[in-house]
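If you use numbering that gives the first Met the number 0, the sequence shown corresponds to residues 0 to 792, in order.
For every residue, glycine included, the Cβ atom is placed at its ideal position computed from N, Cα and C.
These numbers were taken from a predicted model, which means no experiment stands behind them.
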Amino acid sequence: MFVSWVAFPLLALAASAGCGLLVHRLAGDALPSLLVLPCGFAGMIVVGTVGTWITALAPATGWLIVAVAVAGFVSARPLLRMPRPAWEDAPWAAAAAAGAFAMFAAPVVLTGQPTFTGFLRIVDIAHNFDLTNQLVHDGRSFHAPIDSSYRQVVASLVGSGYPGGFHGVLGGLARVVDTDVAWVYQPLLAVGAAMGALALYGLLDGIVDQRPLRALAAFIAAQPNLLYGYGLVGGFKELITAGLLVLAVALLRANRFDVASWRSALPIAVVVAAGFAVISYTALPWLGLILGCAFVFGAARRPSWPAFAAHWAWLAGISALLCLPTLGAARKATGAVGVAEAPQDLGNLAAPLKPWTSVGVWLTGDYRYPLTQRVDLTYVLIGFVLVLAAVGVTYAVRRRQAAPIVLALAFGGALAYVTRRTGPWVDAKAFAITGMVCLALAFAGIAALHRGRLKLVAWPAAAVVAAAVLYGNALAYHDITLAPRGQLRDLERIGERLAGPGPTLYPAFGEYAEYFLRRQRTTSLVNPPQGQLPVRPKVAAVPSGFFVRDLDDFVPSFVQSFGYIVARRSPVASQPPSNYVLVERTSFHTVWRKDSRRPRVVRHFAFSGGADERSPRKCRRIREATRAAGPGAEVAYALAPTIALFEPTSALPPGWGPGWTPQGPGRISGTIRVPRDGRYRVWLGGSIGRPVDVSFNGRLAGSISYHENYPGQFEYLVELDMTRGAHGAEIARGRGSLHPGSGDGGPQSIGPLVVERISTEEDRVHYAPSPRAMALCRGRAPLDWLEVVGPGT
């Protein structure tokens, strides 16, 4: 926690300050003091992009950022020489930035563990980890064979020229503090939100005169509901881009929407380059209109045309030079400028978002789904914000204040352009970016009210807007999913301990396993390098097959191609083939290694389910296989685990859906029929948010909370001594709390509840002479699988 949420943010803040001071010095000390930090953050992104673009510099990207920051501190004038108004603004600007940081940090910090939000909502977070690791180790030079899911993702992202500005800063600074990018991903998002708030505060200087009102405006406008929702699922592009675009307008406003000198063009060029480094060509509609409006306003003042044209040409040239690493790496223009998205490309949305989400108020815990609750209140508040924004723009036109007009024209025009050319997925990103400006214009309208005859309603209006935004974000905070720190840390440790390079099979939908086990060349169900993984023709089609595959679902030769198998622990999973030995059993995973000293597997016959489990036809095939194997062949077999399932006897609680998808608190009662006396492990499947209690015969057996899973995955609860016969069982889900993720949003489900008998036979492989194969096939022993094996190779 200290490294993630203290050391890393302080390092990012210091690096931003140093880079900003260097830009301040190079710009002839013309950079407004309030914009030094956000401009330095943009400078970090540019430096990180250059570092990862040059392959030889890639491993030192973090230290390159630190070196540039140190140069800034050494070369810049002391901060004590800032003008007095800047010092008076500093506490209010700091309060706005700290508030924005806290809003994006709270869902993680209040758990007490270094983790991140948005788990299971979207696989892009893990893919960003993959790209970050690639960029800070080998840059954009990728020539490795695509023999793992990790390399499949990296090859796709690097090959498409995916922008890496954020990744360079993330990975570079993570290496400086010597921690994995997974644990500092959300802190960097929170720092980015703080920089957006500082940019807003600087932009609103002179528009919102009262410093407390300006601080409130910057704090609230930095977190419109849709943008906050994107931030909680790792959406760095939308969050950072919105702040950079506002910063561009703030810098132009500080220069009276002109490029007054050669040196004053540098800060603007840095921000333009950072925008392209974060979101690539898609930044062009916004930046093009912002700069276009500034050009028109500058030209309207009838400047010296030769100097005016020369300065703008210089701005274009220095911007193009700084953008070269990003645009040179891009193989294709995507999104708003290049190939349009398919009309119905929803991404991870359940339905297209309404354009009204761009206003900044959208009262729902999960933006991916249509608004079904608080609909009337949401639209009333949207109308209220739009009226205030219209007042702000009207007042700006009357007072000839260019900044609100540029915001309205540039962001409104870019939004219209993007939504006409793309599908719902890119539209949603545009809506998220626009929300920051709508709220800023609303506070400009509130400032106009404060200057006029309606002064008494200004602060109440500000309170309504603030309450609306904070309420919407509280809903998102309540319903967000949290990454299970223990499970992911377990994968990280396995990846550090395994000596061999793999290849490794992870037979589940595990994008984070692909990342943490990247050194073992891991293949999972998310991004298989071979495309569709080979499954046995007659394997049973189960609903969770897309997310979990039993080892016996795969073609045996495919399983045999892996040196390691790392699998989630489960009471219903098949044991690996007989030539794999158990290396380790952790709280969440089992690790198996292929052992060449074990007998060679000739044929593998699965007995885990299916109508033909004991069919005469299967037994005949086994006999034929033993005969074909020749002298020296044996049979190896593993026994299936002894399990018992929870059988509910009560009705589902009110509001709960099929498959035990919970909505609110509730209890499910039933029985478990234990087949034999012994000691049992208790397992609970599902994706668990708020605490769930499991009881047997009226006594609490165990509790579990905030363990999100894909369908078909289980969590271990406890071990119990149980006697043969029926036992009363109950699953109880309590009420929500202030804990993040304690709401009813996300892919939550409960069950099944399973007890598994602990036996000395588990994980054991038994061997028998080949003539016993038919007896084993026809016998009553619960087989997991049976193999025909030959001498070791």
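Taking a contact to require three or more Cβ pairs closer than 8 angstroms, the segment 494 to 504 and the segment 475 to 486 do not qualify as touching. When only Cα atoms are considered, N578 and R771 end up about 20 angstroms apart. By the beta-carbon neighbour count (other beta carbons within 10 angstroms, threshold 16), K236 is buried.
Under the three-state reduction of DSSP output, E646 falls in the strand class.
For E623, the enclosing alpha helix (DSSP H) begins and ends at 615 to 628. By the criterion of a C-beta distance shorter than 6 angstroms, A329 is surrounded in its chain by G160, S279, once the five residues flanking it on both sides are discounted. In the displayed model, E87 falls within a helix according to three-state DSSP. Partner residues in the beta bridge of H765, as assigned by DSSP, are Y636. Residues of the same chain with a CB within less than 7 angstroms of the CB of L348, apart from the 5 flanking positions on each side, are R367, P423, W424, A427 in chain order. Judged by DSSP in its simplified three-state form, S668 adopts strand. Non-local C-beta neighbours of L408 in its own chain, meaning closer than 6 angstroms and more than five positions away in sequence, comprise C292, ordered along the chain. Non-local C-beta neighbours of E760 in its own chain, meaning closer than 8 angstroms and more than five positions away in sequence, comprise L638, ordered along the chain.
Fully contained in the segment 321 to 406 are the following alpha helix (DSSP H) runs of length 4 or more, in chain order: 374 to 398. When DSSP states are grouped into helix, strand and coil, T480 belongs to the coil group.
With a threshold of 16 other beta carbon atoms within 10 Å, E510 meets it and is buried. In the three-state DSSP reduction, W261 falls in the coil class, being neither helix nor strand. Within the segment 715 to 756, the complete beta strand (DSSP E) runs of at least 3 residues fall at 724 to 732, 748 to 756. DSSP places V232 in the coil class of the three-state scheme, outside both helix and strand. Straight-line spacing of the CA atoms in A401 and S32 works out to 21 angstroms. Boundaries for L119: no beta strand (DSSP E) harbours it, and the DSSP string shows neither H nor E there. For A55, DSSP assigns no beta-bridge partner whatsoever. Counted as a single uninterrupted DSSP element, the beta strand (DSSP E) harbouring A700 occupies residues 698 to 703.
Between P113 and S3 a beta carbon distance of about 4 angstroms is seen, short of the 8 angstroms cut, so the two are scored as contacting.
In the DSSP assignment, no residue is bridged to I278.
Considering only A26, K593, R756, the residue with the shortest C-alpha distance to V558 is K593. Taking C-beta atoms as the reference points, V788 and P598 count as a pair closer than 7 angstroms. Straight across, the Cα-Cα distance linking L474 with H738 is about 12 angstroms. The beta carbon of W682 sits closer than 8 angstroms to the beta carbons of S569, P570, F713, E714, Y715, L716, L752, V753, V754, E755 from its chain, once the five residues preceding and following it are set aside; these are given in chain order. Look at F72 here: in three-state DSSP terms it is helix. By the Cβ criterion, the segment 724 to 740 is not in contact with the segment 131 to 149, since fewer than three pairs of Cβ atoms, one from each stretch, lie closer than 8 angstroms.
In the same chain as I493, and ignoring 5 residues on each side of it, the C-beta atoms closer than 8 angstroms to its own belong to F515, L516, V565, E583, T585, H588, V590, in chain order. Bridge partners of K593 according to DSSP: Y579. The beta carbons of T722 and D676 sit about 5 angstroms from each other, so the pair counts as a contact at 8 angstroms. Using a Cβ distance threshold of 7 angstroms, G242 and G195 count as a contacting pair. For the set F118, S155, V5, V358, the Cα lying nearest the Cα of V108 is the one of V5.
With contacts defined by Cβ atoms closer than 7 angstroms, G163 and L188 do not form a contacting pair.
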